[in-house]
Amino acid sequence: MKRKPMIAGNWKMHMTTKEARDLVSGILQQTKDVDPGNVDILVAPPYTALMAVSELLNGTPILLAGQNMHWEEKGAFTGEISPVMLKEVGCSHVIIGHSERRQYFGETNETVNKKLHAAFSHGLTPILCVGESLEQREANQTFTIIEEELKEGLNGLTTKQVRSMILAYEPIWAIGTGKTASPEQAEEVHAFIRKWLREQVEKEAAEEIRILYGGSVKPENIEGLMTMENIDGGLVGGASLKADSFGQIVKRGL
Ligand code: PGA
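In the numbering used here, the protein residues as written are 8 to 261.
What follows is the structure in C-alpha cells.
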C-alpha cells in the first residue's frame, strides 16, 4: 500500500519569532513547486513562534504542529501549554513523547498515553515518537523497548484513532549525532512496528499508519531511507533549521 509521505521539521528550542518568520518564508519559497498531493510538509516551531508562523502558513498546504503539550485543557500547571491553546493558534498536529522530553523532562509512557488521548479529544493529530538508546540497542533490547512504548503509549485508543495518527521511529543514538541509522536498520524497526500493529491493533491500522524515521535525516540520506517499504517520511531536527536543506529533503524524498 502506498501511503502519502510526510516530511516534518522539528525546530526544537531554536528560532526567535523573527528567525521563525524568515525560515518559514524560505521554506514556502523552496517548496512552492511541490505538489501538496504528493507529500505532507509540517513544521513544529517553539511555542512563542507558533502564532507568527501560523499567520504565514494560512492558506498554504504546510501543516503546523506543537512540539509537546499538557493533557489538561487548562489549570494550575505553570510553564505548560494545553491542546486548546495549540488548536487556537492553528496547529493540526502535535509531537508527543519525543526522546528529549522523555530523557530530560520526565516524560513516561503513562504521560504519553494521557497526551495522546487529550490530542484526539481536541482534534489534534499526534505524532508519537518511539526509539531506543544506544545501550538498549547494544543490549538487544530495541524491540522490547519499542513494544513497551507502543503498548503503554497507545493504551485505550480506538483502532480508528491509531489508524489516523502518525508514528516516528527515532533511535536516540541517531538524534543530533550525525549518525543516521542505515536504511536497512531503520526498515527493520519500521517493519517490526507495523507487524506489532497488525497483530495487536488491526490490519488496516497497520497498513494505513504513517511511520516516519527521525535521527540525522539530511538531504544526502533521505532518498535511501524513502526507498524502504515501511518508511513513510522523516522527522527532521537539525536539517530543518535551514530552508534550503529542509526544501531539499522534501524534494529528494518524493
Ligand atoms: P536530528 O533530530 O535530525 O537533529 O537528529 C531529529 C529529531 O530529534 O526529531
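Note that the Cβ used here is the ideal one computed from N, Cα and C, for glycine as well.
Residue pairing by DSSP places Asn17 opposite Ala51 in a beta bridge.
With a 10 Å radius around the Cβ and a threshold of 16 neighbouring Cβ atoms, Lys186 comes out exposed.
Along the length of the segment 19-93, whole alpha helix (DSSP H) runs at least 4 residues long occupy 24-37, 54-64, reported in chain order.
Annotated as distal: Ile238 and Ala175, with beta-carbon spacing of 8 Å or more. In this structure, the beta-carbon distance from Ile256 to Gly241 falls below 8 Å. With the rule of 3 Cβ pairs closer than 8 Å, the segment 106-122 does not count as touching the segment 30-44. At least 8 Å separates the beta-carbon of Thr166 from that of Ala125.
Remark: the shortest separation between the CB of Ala246 and any heavy atom of the ligand PGA falls under 7 Å. In this structure, the C-beta of Val224 approaches the ligand PGA to less than 7 Å from one of its heavy atoms. Within 7 Å of the C-beta of Leu242 there is at least one heavy atom belonging to the ligand PGA.
At least one heavy atom of the ligand PGA falls within 7 Å of the beta-carbon of Gly183.
Taking all protein chains shown into account, Gly163 has fewer than 16 neighbouring C-beta atoms within 10 Å of its C-beta and is therefore exposed. Ranked by Cα distance from Gln74, the options Glu80, Leu49, Phe84, Lys81 are led by Leu49. Look at Thr132 here: in three-state DSSP terms it is strand. By the CB criterion at 8 Å, Leu70 and Asp47 fall inside the cutoff. DSSP places Val101 inside the beta strand (DSSP E), whose first and last residues are 100-103. Looking at the DSSP output, Ile173 sits in a beta bridge with Ile134, Arg217. Beta-bridge analysis with DSSP links Val243 to Gly16.
The ligand PGA has no heavy atom closer than 7 Å to the beta-carbon of Gly231. With respect to Met233, Gly260 sits close: the two C-beta atoms are nearer than 8 Å.
Only buried fits Pro90, as 16 or more other CB atoms lie within 10 angstroms of its CB. Taking the C-beta atoms as reference points, Val31 is found nearer than 8 Å to Leu64. Secondary structure of Glu139 (DSSP, three-state): coil. Ranked by Cα distance from Val137, the options Gln143, Arg144, Ile152, Gln148 are led by Ile152.
In the structure shown, Leu248 adopts coil according to DSSP, grouped into three states. Burial state of Gly86 is exposed, judged by a 10 Å Cβ sphere holding fewer than 16 other Cβ atoms. Counting every other CB atom within 10 Å of its CB across the protein chains shown gives Pro43 a total below 16, marking it as exposed.
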